[in-house]
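Throughout the sequence shown, residue numbering follows my numbering, covering 23 to 228 in sequence. Ideal placement from N, C-alpha and C gives every residue a C-beta, glycine not left out. For clarity, every value in this text was computed on a predicted model and none was experimentally measured.
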Amino acid sequence: MSIPFQLWTMLDLGGNSNALQPLFKVPCRNTMKAEIFKIYEYQRGKTMSLVVSNASRLAITTDMWTSSNQKKGFMAVTAHFIDDSWTLQSRILRFIYVPCPHTKEVLCDQLLNCLMDWNIDMKISSITVDNCSTNDAMIDLLWDKLDSASLMLGGELFHMRCCAHILNLIVKDGLDVIKVGTEKIRELIGQHHKKERKNLKKQSAN
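Below, the structure is given as structure tokens:
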């Protein structure tokens, strides 16, 4: 859930904390914001050093996410790679607000900016996205903007479709096919439970 820094002041949470422990001084929201950004920059530096210095290529996964309370779209970009000790590593590189409309051009620019910002545009092995037409068009557009000579096997592995998303679509389609049948089964089970409850009441009354 996205909560603004000023909520602390609005709800007077600092006053409540002082009531519980007068010696505890709650930092102001600007101080907390500054500290959070310091932690972010420190962790970002560590992650960038790990990613850039690593000899292996990176598999990228990206997906759009919509916040339930604000209905805003966000893009998550994650890098997966094998480190020098042959351990699988996964790092979130970017989680950024993407204003509407979410066209192929907008998504491509956001993803490309992330790859360039992390200096990994020449180290990509594959990019996995959900199986939808917008992502297909976005990947084609991204292909044209990257150096194709840097891609593995001439880019044969560049565009990967998310198996979990495909499986989810298959299951949904399958459930639609048997929807009428499952509803009848649920109705029969419900009637059976009602009969059992009635029988139990009769037995208790006797």
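On the three-state DSSP scale, how would you describe residue i?
i	result
residue 77	coil
residue 208	helix
residue 115	strand
residue 151	strand
residue 200	coil
residue 240	It is not possible to answer for residue 240, since the shown part of the chain is limited to 23 through 228.
residue 110	strand
residue 168	coil
residue 120	coil
residue 92	coil
residue 47	coil
residue 178	coil
residue 173	coil
residue 23	Because the pLDDT at residue 23 is just 46, under 50, the model does not fix this residue reliably, and the point stays unresolved.
residue 55	helix
residue 226	helix
Between which two residues does the alpha helix (DSSP H) carrying residue i extend?
i	result
residue 138	126-139
residue 142	Where residue 142 is concerned, there is no enclosing alpha helix (DSSP H), given that its DSSP letter is neither H nor E.
Give me the residue from the options with the minimum Cα distance to residue i.
i	options	result
residue 115	207, 45, 136	136
residue 156	203, 217, 124	124
residue 102	111, 94, 95, 176	111
residue 150	143, 187, 84	84
residue 126	98, 161, 54, 200	161
residue 120	98, 141, 138, 107	98
residue 77	109, 87, 62, 60	109
residue 141	190, 48, 74, 204	74
residue 129	92, 87, 93	87
May I ask which residues mark the beginning and end of the beta strand (DSSP E) holding residue i?
i	result
residue 104	95-104
residue 182	181-183
Measure how close the beta-carbons of residue i and residue j come, nearest whole angstrom, since I'm counting them as under 8 Å.
i	j	result
residue 146	residue 82	6 Å
residue 148	residue 117	At roughly 20 Å, the Cβ-Cβ gap does not stay under 8 Å, so residue 148 and residue 117 are not in contact.
residue 174	residue 79	7 Å
residue 104	residue 153	In fact, because the Cβ distance is near 26 Å, the residues do not count as touching under 8 Å.
residue 163	residue 143	No, residue 163 and residue 143 are not in contact; Cβ-Cβ is about 14 Å, not under 8 Å.
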